[in-house]
Structure formats: structure tokens, C-alpha cells
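Participant: So that you can map any letter, position 19 of the sequence shown is 19 in our numbering, and since no number is skipped, the others follow by simple counting. Even glycine gets a Cβ: it sits at the ideal position worked out from N, Cα and C. Fair warning: this is a prediction, and the values are worked out from it, not measured in the lab.
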Amino acid sequence: MYKWLKFVKLDAMAEATREILNRIYSPIIHKSHELHRTLIKQYTGSKINRGFFNGHYHKNSEGEYQPDMYPIPVISFIGLCDIEFDFDTISITTKISRNQIQLFDWNIISSVHFEIYGVENYLKDYGSKQNYDKIGDNIASSTEKEFFVSIYFPFITSIEDLAKFLTILQKNNFYY
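1) Who does Pro27 pair with in a DSSP beta bridge?
2) Classify Pro56 as helix, strand or coil using the three-state DSSP reduction.
3) Alpha helix (DSSP H) containing Phe148: first to last residue?
4) Near Phe52, what residues of its chain come up, given a Cβ to Cβ distance below 8 Å and the 5 sequence neighbours on each side ignored?
5) With a Cβ-Cβ cutoff of 9 Å, do Ile92 and Ser150 count as a contact?
6) If we call anything under 9 Å between Cβ atoms a contact, is Lys95 one with Tyr176?
7) Does the beta-carbon distance from Phe147 to Ile159 come in below 9 Å?
8) Looking only at its chain, what residues have a beta carbon closer than 6 Å to the beta carbon of Ser76, apart from the 5 residues adjacent to it on each side?
9) To the nearest angstrom, report how far apart Asn173 and Ile40 are at their CA atoms.
10) Taking Phe184 as the reference, which of Lys31, Lys145, Ala12, Thr167 has the closest Cα?
11) For the region 95 to 107 and the region 117 to 137, state whether three or more C-beta atom pairs, one from each stretch, are separated by less than 8 Å.
12) According to DSSP, is Gly63 part of a helix, a strand, or is it coil?
13) Please classify Ile109: is it buried, with 16 or more other beta-carbons within 10 angstroms of its beta-carbon, or exposed?
14) Quick one: Cα of Leu103 to Cα of Ile135, how far?
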């Protein structure tokens, strides 16, 4: 009878959803813009892009990888890493060669959570903060030529600390 009433309810629901999404996204967008500006100044001449991407994964409570459909801000530091801004963490994904991974001192990043997985078989875990003493053995038994490393920081990590960490990656021959 009153078809317009349905639209009023949908409009109100859409507006409430927008308000919630804006509250959720505002801090992560602000932080990603701030880091992007800092990196542009610090790494003059480097190609550093930003955008929004979906199709990322996280480990669920059972330890299984689960795809996320919503987009998040990502900074792509060409040649070094991708920096993903999620609601609770900032992750840096990079790569390292088989030779370099065997030389890397994992104590350098032992204060943060990290995971190592294959480039060819990205579902194969080779180590993490919880078992970094076994990384060498896991790598030795692998046929992978290079490895992804994802490092997870609490969302509250400062822009300065994130920028300093990228210097550590560069000095230790990480790339992307």
C-alpha cells in the first residue's frame, strides 16, 4: 500500500550503515595517509602508491586462513613491501630469497608477530614468532626459492616506528 515507506526504512538503514563504516574506516584511512606522506618525504624518488584492496586473508580462531571481502588501505612500496591497514593491525608483507633468509637474524623482529610462507605454495607455513628457532630447518627442507614474510604490528604502532622498520627490511635484502 505505502511503497515509499519501504524506501524510507532502507534509506535510514543505509545511512546508519554509512555512519558505522565511516567511524570504522576513518582511523585506518588517516593512519595510511600519514604513513604514505612520511614515506614519500623519507624515500624521495621511490615509487610508493596507495589504494584500497580486498581479497586479503586473516587466520581465524581455528588457525585457518579466511578471506576478507571488504577493502582496506594498502601502501605499495615498489621493490620493498606492501603495507596493509586493517582494523586491528598493520601488516607488512615482503619477500626474501632462500639464501638471505638463512642468514637473517630473526631476533631482530622477535618483538612482533610474523609469519613466513612460500611464494610458490603460499599456504605452506615455514615459521613464525612462536617457533622462529625452527625456521632454519623448515627452510632447509623446502624447495622454495623465495619466501613471503608478513610482519604484524598493533594498530597503535607509531608512524616513526613503522618507517624505521622499513629501513631494517632494506638493510637485510628484503624485496617485493
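Facilitator: To lay it out plainly:
1) Its beta-bridge partners do not exist; DSSP assigns none.
2) The sequence as given places His at residue 56; Pro does not occur at that position. Note: His56 maps to coil in three-state DSSP.
3) No alpha helix (DSSP H) holds Phe148; the beta strand (DSSP E) holding it covers 146 to 154.
4) Pro71, Ile72, Pro73, Val74
5) yes
6) yes
7) no
8) Asn49, Asp82
9) 21 Å
10) As displayed, the chain neither begins before 1 nor continues past 176, which places residue 184 out of reach and without an answer.
11) Counting Cβ pairs under 8 Å, three or more are found: they touch.
12) coil
13) Ile109 is buried by the Cβ-count criterion.
14) 11 Å
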